[in-house]
Amino acid sequence: MSNGAMRSVVDPNDAFGDQMPNAGNQCCTANTLQICNAPDSNNNNVNVNMVDALCAALGYSDGTIVREANDNSCPESHAVAQDGSIWSSDYVNSNGWGAEYLCSQT
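As numbered in our numbering, the sequence shown has no gaps in its residue numbers, which increase by one up to the final residue, 107.
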């Protein structure tokens with residue numbers, strides 16, 4: 002459940018386009034368009050700088066994780082591509098989620 006956690010949605014291959022869920026209070030599974038926790042700094046052990054990928058997807062050149070939390074064990078999404086174009090999840094429950102990010106342009 003959310004418990005105030007920042008959340009994210011994984012949509013592999015953009016199968017649902019701009020469609021987004023409008024509610025959800027359970028942890029995500031491999032079913033498309035379920036709500037996961039926002040990504041944290043370990044990026045589910047995928048060798049991509051998650052916050053740089055997130056900021057690149059938004060048009061910025063750099064990113065910083067300002068704050069993380071560990072009070073929710075739902076799966077997190079993670080960046081697969083450094084340019085922020087591909088995201089996924091391992092759908093494994095683990096403590097931690099990204100709570101605040103800062104994107105900037107150099």
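Glycine is no exception: its CB is placed at the ideal position from the N, C-alpha and C atoms.
In the structure shown, residue 100 adopts extended strand secondary structure according to DSSP, grouped into three states. A straight line joining the alpha-carbon of residue 86 with that of residue 58 spans about 6 Å. Put simply, of 97, 102, 26 and 103 the residue whose alpha carbon is nearest the alpha carbon of residue 46 is 97. For residue 63, the pairing in a beta bridge is given by DSSP as 105. Inclusion of residue 102 and residue 34 in the CB contact set at 8 Å is not warranted, their separation being larger than that value. DSSP places residue 56 in the uninterrupted alpha helix (DSSP H) bounded by 51–58. Non-local beta-carbon contacts of residue 75 in its own chain, meaning distances under 6 Å to residues more than five positions away in sequence, involve 28 and 38 in chain order.
Following the DSSP letters along the chain, one finds residue 38 inside the beta strand (DSSP E) bounded by residues 36–38. Its Cα nearest to that of residue 94, the residue 30 stands out among 30, 26, 20 and 21. In this structure, the straight-line span from the alpha carbon of residue 60 to that of residue 66 is close to 17 Å.
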